[in-house]
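Just below is one structure, and these are the notes that go with it.
Number of protein chains: 2
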Amino acid sequence: MTIKEVSEKYGVEASTLRYYEKEGILSLVPKVNGVRNYTEANLQNIEFVLCMRKAGMNIERLKRYMSMIQDDSKTLERKKILEEQRDDVVRELEVLNACLEKLNYKIEHYQKILDAEKKL
Amino acid sequence: MTIKEVSEKYGVEASTLRYYEKEGILSLVPKVNGVRNYTEANLQNIEFVLCMRKAGMNIERLKRYMSMIQDDSKTLERKKILEEQRDDVVRELEVLNACLEKLNYKIEHYQKILDAEKKL
DNA sequence: ATACAACTTAAAGTATACTTTAAGTCAAGC
DNA sequence: GCTTGACTTAAAGTATACTTTAAGTTGTAT
Numbered sequence: 003m004t005i006k007e008v009s010e011k012y013g014v015e016a017s018t019l020r021y022y023e024k025e026g027i028l029s030l031v032p033k034v035n036g037v038r039n040y041t042e043a044n045l046q047n048i049e050f051v052l053c054m055r056k057a058g059m060n061i062e063r064l065k066r067y068m069s070m071i072q073d074d075s076k077t078l079e080r081k082k083i084l085e086e087q088r089d090d091v092v093r094e095l096e097v098l099n100a101c102l103e104k105l106n107y108k109i110e111h112y113q114k115i116l117d118a119e120k121k122l
Numbered sequence: 003m004t005i006k007e008v009s010e011k012y013g014v015e016a017s018t019l020r021y022y023e024k025e026g027i028l029s030l031v032p033k034v035n036g037v038r039n040y041t042e043a044n045l046q047n048i049e050f051v052l053c054m055r056k057a058g059m060n061i062e063r064l065k066r067y068m069s070m071i072q073d074d075s076k077t078l079e080r081k082k083i084l085e086e087q088r089d090d091v092v093r094e095l096e097v098l099n100a101c102l103e104k105l106n107y108k109i110e111h112y113q114k115i116l117d118a119e120k121k122l
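Residue numbers (the numbering used here), protein chains in the order written: chain C, 3 to 122; chain Y, 3 to 122.
Written out as structure tokens, the structure reads:
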């Protein structure tokens, strides 16, 4: 699969895919005449990386994690990184839920004001 | 209340409070001899602003919203901004929950590998 | 054989949201 | 009256994560 196809499939810029590769977040992609040709395994890595980025994992942590995915002796370390990330996500979910409550409260409040104005 | 006290109360840098004020996100704070002296109303605005920042509201939207909080004729517009933000938060919650599931799945998977290694 | 579109690289540039710096003011303690 | 510490400003600097640019290569259609 070409970089353009991957870009369109996942809604990610080609330049971002190259950037991740340069940073060592995505392993070297096989090339035909100097042109990237993504394998099924590459695509699975990309899916995971994009998911973790959405989860708020920063580039450094992602780099640390992805540098170990081939190494069976690092299972415990990899698990620890994902647990760190899970804890971060859980905390973020709590924060967002609290914000959502506040937003809903304020929106309702404004609705009441608008309803009262209508009655006049 | 001095800027230092506010900074400590909310865990936000004094420079950030000055920055928000300069951007028009926080209204001009009354000054005594050129030194900021935060009122109770100022503090309530700060609490709200910090909550919205945590909710992922960007500076531009926050500026747009905060510029209208004194204007009764803008209730509908203010409500619309908060509804936009609520929709964003709900979407983000969905994304984060999906990521959390993936993380939990992977963590469990690693745990199984570690358990199997132990048995040998 | 030549033009074109899509790829390549390295390096510089950008967006967002602060944060730091430099230079100055002011009230309080010695 | 002078030092000290906390404040002030405007402007420059920083962190993170890309994104754009410039210059060059390659396969394909004319």
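A virtual CB, placed ideally from N, CA and C, is assigned to each residue, including glycine. Every value quoted in this text rests on a predicted model; they were computed, and no experiment measured them.
Interface annotation, residue 96 of chain C: not in contact with chain Y, CB-CB separation never under 8 Å. Residues of chain Y whose Cβ lies closer than 7 Å to the Cβ of residue 88 of chain C are, in chain order, 102, 105, 106, 109. In the same chain as residue 4 of chain Y, and ignoring 5 residues on each side of it, the C-beta atoms closer than 8 Å to its own belong to 37, 38, 39, 40, in chain order. Taking a contact as a CB-CB distance under 8 Å, the pair residue 66 of chain Y and residue 83 of chain Y counts as one, their CB atoms being some 6 Å apart. In summary, residue 24 of chain Y is exposed, with fewer than 16 beta-carbon neighbours lying within 10 Å of its beta-carbon over all protein chains present.
The beta carbon of residue 113 of chain Y sits closer than 8 Å to some beta carbon of chain C. For residue 92 of chain Y, the three-state secondary structure derived from DSSP is helix. Taking the beta carbon of residue 80 of chain C as reference, the chain Y residues within 9 Å of it are 108, 112, listed in sequence order. DSSP places residue 37 of chain Y within a strand segment (E or B) once states are collapsed to three. Shown here, residue 74 of chain C sits in a helix according to DSSP, grouped into three states. In terms of beta-carbon proximity, residue 51 of chain C stays away from the interface with chain Y, with every pair separated by 8 Å or more.
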